[in-house]
Amino acid sequence: MLGCGVFPDKYTFPPVIKCCTGLNNVRLGKVIQDMILEMGFDLDMFVASSFIKLYADNGCIEDARRFFDKMIDKDCVLWNVMINGYVQCGESDSAIKLFKDMMSSEAKPDSVTFACVLSISCSEAMVEYGRQLHGLVVRSGLDFDPLVGNTLVTVYSKGRQLGDARKLFDMMPQIDLVVWNRMIGGYVQNGFMDDASMLCNEMISAGIKPDSITFTSFLPSLAESSSLRQVKEIHGYIVRHGVILDVYLNSALIDLYFKCRDAVMACKIFNLSTKFDIVIYTAMISGYVLNGMNKDALEIFRWLLQKKMIPNALTFSSILPACAGLAAIKLGRELHGYITKNELEEKCPVGSAIMNMYAKCGRLDLAHLIFGRISEKDAICWNSIITSFSQDGKPEEAVYLFRQMGMEGVKYDCVTVSAALSACANIPALHYGKEIHGFMIKGAFESDLFDMSALIDMYAKCGKLNIARLVFNLMQEKNEVAWNSIIAAYGYHGYLADSLALFHNMLEEGIQPDHITFLTILSSCGHAGQVEDGVHYFRCMTEEYGIPAQMEHYACMADLFGRAGHLDEAFEVIKSMPFPPAASVWGTLLGACRVHGNVELAEVASRYLLDLEPKNSGYYLLLTHVLADAGKWRSVHKIQHLMKESGVQKVPGCSWIEVKNTTCVFFAADGSHPESLQIYSLLKSLLLELRKVDYVPQAVACFGND
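First residue of the sequence shown? That's 1 in full-length UniProt numbering, and the numbers climb one at a time after it.
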């Protein structure tokens, strides 16, 4: 245009500046700004707003503000562009201050202004400010404006004020697709899945055609309650009605199919996708991990790296559990290094995933170190470290962290309470468990079925079976988890008849047993030595209820036969397993061989064990006990020498005992307690009394590493 000698006017520049914004080219924008001034044009509102948007969109907020301040006359559009610039740059305080300045000026806020400022309030911490703005909106007569209404629904939804959001939604004279989507999304994000499902049905009944955003928002509500058949019906509706299958909707479908355990269909959707980004790759990774397909998850992760895609925080949070599942600590360390390099470690979801990875790879020390580095620890982060300590045999540390979490003002949730109760059950520490029970009553956690089930388990393992039964009886609603807990409680105390009676009561109540139910029954049969009952319920599980036996069920059957001295039958059970036996299964057989003195089978089991878990000192020591009982001292010394060569160190055993609301921990040959002399003297007296009733202690109870 300039080359042809055509002189621009004031209408020429806004589109040119807009192009600079689209190209993210601030330098070119500044060249055009200089040209405008050289040509003698005044900076009118349109040109000024275009420049402010250019600078704000590219993070040059100070340049944008300088431009804004130069303007003597500022209309509503100019104020809106500047306020929006602050919002986009994350400078909420500056945006609020500028909004207050606007309220004092001649320009009056419009629907765009309020929508922009309200967007700052889309969090639980800022919802009260949003409520104040809502009052201003009403006084300005803009409360029924579609743009403002949409934003207000989002403010209340994200602020966890679903009642206010729904009230506003119902009052709106015209509800467009955007508002429907936001209300449905609000229900899903806050866990009100049934309400989301009902609202989606209302929307279709009202003649509003759902789009890809509707289904992307709605599909997560189906994850917990829907069957695979229902998911396929909805998928069919999407296809029949020509809903655009964008990358977000495909990702939501993939996630849902994986949660319904249909990995084949999830992979089919992935392979038929026309567009791939980090969202859909992350959905595949998390789905594979959920289904225990950790190697496939790692393959997808390698694939996205080959495509030069950059993993985000959610991607790392999804892939790290795959490393944990495969005990691939080397790869986990490499990922940790990449995360640290990209400054993602301090983000709580990623930090929690790193902690879990190290904890499950046996490096609880590193997990605790990462926990200390996370700057802002939310409930998920605390839950992760508490659960890790509890599951890794450090229940006293888990209880300490639970108390520390409360002292730091982080709100407990049902996961925290369940993890802490599990830790109390493992110590056992009845006084801490009672404290948590009291907190549950005050904090209204008694309605959570999983926490109440954990409470039953805690009381049972702390020796208070009567209180466990009372807790169970007082539950207004009982699911299969609660029934499993009370059945296991009686089995744990050796009351097989009561366990089986409760099992039949459960069936009479119309509650279907799951694989955990039968696991508790098989374990109870094993402890009671009732082989025939155990075999009956194993067959009942697989044949009558169609529940496939898992690794734990086979381990229980091996234990059942092993305890009864039927070692050959136990070995046959292990050989008949449809998948490779885990170390725990061979460990069960080795333990039975020790009790019944079967050296030959013990050596068979130990060969598998030392191959599967070569660093587990417990299996070495158990084998030395079997060999020592048989008088094979040369073989004992060979095993001890092998331990030294392999760098395997004996982990000292420990016991907990609760005395006057204080939990004391004792290690083997421990002399650290201030009353050690009196304790050992009393133990010696008890041992003498046991000998008087013909109890003969095993002479190889403690082995050195000599």
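Just so you know, even glycine gets a beta-carbon here, dropped at the ideal spot from N, CA and C. Only a predicted model underlies this, so the values are computations on that prediction, with no experimental measurement involved.
Self-check item: Backbone CA spacing between F389 and N356 [nearest angstrom]
Solution: Straight-line Cα distance between these residues: approximately 10 Å.
Quiz item: Pick from N80, A454, D559 and K275: whose alpha carbon is nearest that of D110?
Solution: Nearest option by C-alpha distance: N80.
Quiz item: Can A263 and N291 be called in contact, C-beta distance under 7 Å?
Solution: Yes; because the gap between Cβ atoms is below 7 Å, this pair is in contact.
Quiz item: Using 8 Å as the threshold, is the stretch 592-603 in touch with the stretch 562-580, meaning 3 or more CB pairs across them?
Solution: At 8 Å Cβ cutoff, the stretches touch.
Practice problem: Could you tell me the distance, in whole angstroms, from the CA atom of E675 to the CA atom of D392? | Solution: Going by the C-alpha atoms only, they are around 29 Å apart.
Quiz item: Buried or exposed: which applies to F144, given that a residue is buried once 16 or more other Cβ atoms fall within 10 Å of its Cβ?
Solution: Per the 10 Å Cβ criterion, exposed.
Quiz item: How should D164 be labelled, buried or exposed, when 16 other C-beta atoms within 10 angstroms of its C-beta is the threshold for buried?
Solution: Buried: at least 16 other Cβ atoms inside 10 Å.
Exercise. Quick one: residues in its chain with C-beta nearer than 7 Å to the C-beta of L496, no 5 flanking neighbours on either side, listed in chain order?
Key: Around L496: S524, C525, A528 and Q530.
Exercise. For I285, collect the residues of the same chain with a Cβ closer than 8 Å to its Cβ; drop the 5 residues on either side in sequence, then sort them by chain order.
Key: Once the five neighbours on either side are set aside, the close Cβ partners of I285 are A297, I300, F301, T315, S318, I319 and A322.
Self-check item: DSSP-derived helix/strand/coil call for A699
Solution: Residue placement at A699 is flagged as unreliable, the pLDDT there being 43, under the threshold of 50; the coordinate-derived value follows with that caveat. If DSSP states are grouped into helix, strand and coil, A699 belongs with coil.
Quiz prompt | Three-state secondary structure assigned by DSSP to P614 | solution = Residue state, collapsed to three classes: coil.
Quiz item: Three or more C-beta pairs closer than 8 Å, one from the stretch 228-235 and one from the stretch 196-214: is that the case here?
Solution: With the cut-off at 8 Å, the stretch 228-235 and the stretch 196-214 do not touch.
Practice problem: Kindly give me the distance between the Cβ atoms of V247 and V279, rounded to whole angstroms, as I take these residues to be in contact under 8 Å. | Solution: With 8 Å as the limit, V247 and V279 qualify as a contact, their Cβ atoms being about 6 Å apart.
Quiz item: Closer than 6 Å: is that where the CB of G135 sits relative to any heavy atom of the ligand SAM?
Solution: The model depicted lacks the ligand SAM and carries no ligand whatsoever.
Quiz prompt | Inter-residue CB distance, L162 and N181 (contact presumed, cutoff 8 Å) | solution = Rounded, the Cβ-Cβ distance is 15 Å, inconsistent with contact.
Quiz item: Going by the CB atoms, is the gap between G565 and H536 shorter than 7 Å?
Solution: It is not a contact, given that the beta carbons lie outside the stated cut-off.
Exercise. With DSSP as the reference, label G631 as helix, strand or coil.
Key: Reduced to three states, the DSSP call for G631 is coil.
Practice problem: Can you grab the Cα-Cα spacing for the pair V399 / I436, in whole Å? | Solution: One C-alpha to the other measures close to 10 Å.
Exercise. Can you grab the Cα-Cα spacing for the pair residue 716 / W382, in whole Å?
Key: Here the chain has residues from 1 to 706 only, and residue 716 is not among them.
Practice problem: Starting from the N-terminal side, write out each stretch of the alpha helix (DSSP H) that is 4 residues or longer and does not extend beyond the stretch 87-130. | Solution: Runs of the alpha helix (DSSP H) inside the stretch 87-130: 92-104 and 111-118.
Self-check item: Integer Cβ distance of A482 from M452, believed to fall under 8 Å
Solution: Contact between A482 and M452 holds, since their C-beta atoms are separated by about 6 Å, short of 8 Å.
Quiz item: Can you name the start and end residues of the alpha helix (DSSP H) that Y545 belongs to?
Solution: For Y545, there is no enclosing alpha helix (DSSP H), as DSSP gives it neither H nor E.
Quiz item: Should the stretch 112-119 be called in touch with the stretch 88-102, which here means at least 3 C-beta pairs below 8 Å?
Solution: These segments touch.
Exercise. Run the CB neighbour count on S105, radius 10 Å, all protein chains shown included, and call it buried at 16 or more, exposed below.
Key: Flag for S105 reads exposed.
Practice problem: Identify, in the order they occur along the chain, each residue of the same chain with its Cβ nearer than 6 Å to the Cβ of Y55, setting aside the five sequence neighbours on each side. | Solution: Sequence-distant Cβ neighbours of Y55 in its own chain, meaning closer than 6 Å and more than five residues away, are D63 and A64.
Quiz item: When you compare only the Cα positions, how much space is there between G351 and E124?
Solution: C-alpha separation (whole angstroms): 23 Å.
Self-check item: Cβ-based burial, T214 [other Cβ within 10 Å; buried from 16]
Solution: Here T214 is buried. Its C-beta has 16 or more other C-beta atoms within 10 Å.
Self-check item: Own chain residues within Cβ distance below 8 Å of A583, not counting five before or after
Solution: Within the same chain, A583 has close Cβ partners Y608, L609, L612, E613, N616 and Y619.
Quiz item: Which residues in the same chain have their Cβ closer than 8 Å to the Cβ of E543, if we skip the five residues on either side of it in sequence?
Solution: Taken in chain order, the list of residues that qualify is empty.
Quiz item: Taking DSSP as the reference, what is the three-state secondary structure of R691?
Solution: Assignment of R691 by DSSP, reduced to helix, strand and coil, places it in the helix class.
Self-check item: Same chain, Cβ closer than 7 Å to D533, five either side skipped, listed in chain order
Solution: Setting aside the 5 residues that flank it on each side, D533 is surrounded in the same chain by C525, each with a C-beta closer than 7 Å to its C-beta; the list follows chain order.
Practice problem: Please report the residue range of the alpha helix (DSSP H) in which M203 lies. | Solution: That run of the alpha helix (DSSP H) goes M193 to S205.
Quiz item: G587 to G186, Cα distance in whole Å?
Solution: Separation of G587 and G186 (C-alpha to C-alpha, rounded to the nearest whole angstrom) is 49 Å.
Practice problem: Use the C-beta contact count for E128: other C-beta atoms within 10 angstroms, 16 or more gives buried, fewer gives exposed. | Solution: With fewer than 16 Cβ atoms within 10 Å of its Cβ, E128 is classed as exposed.
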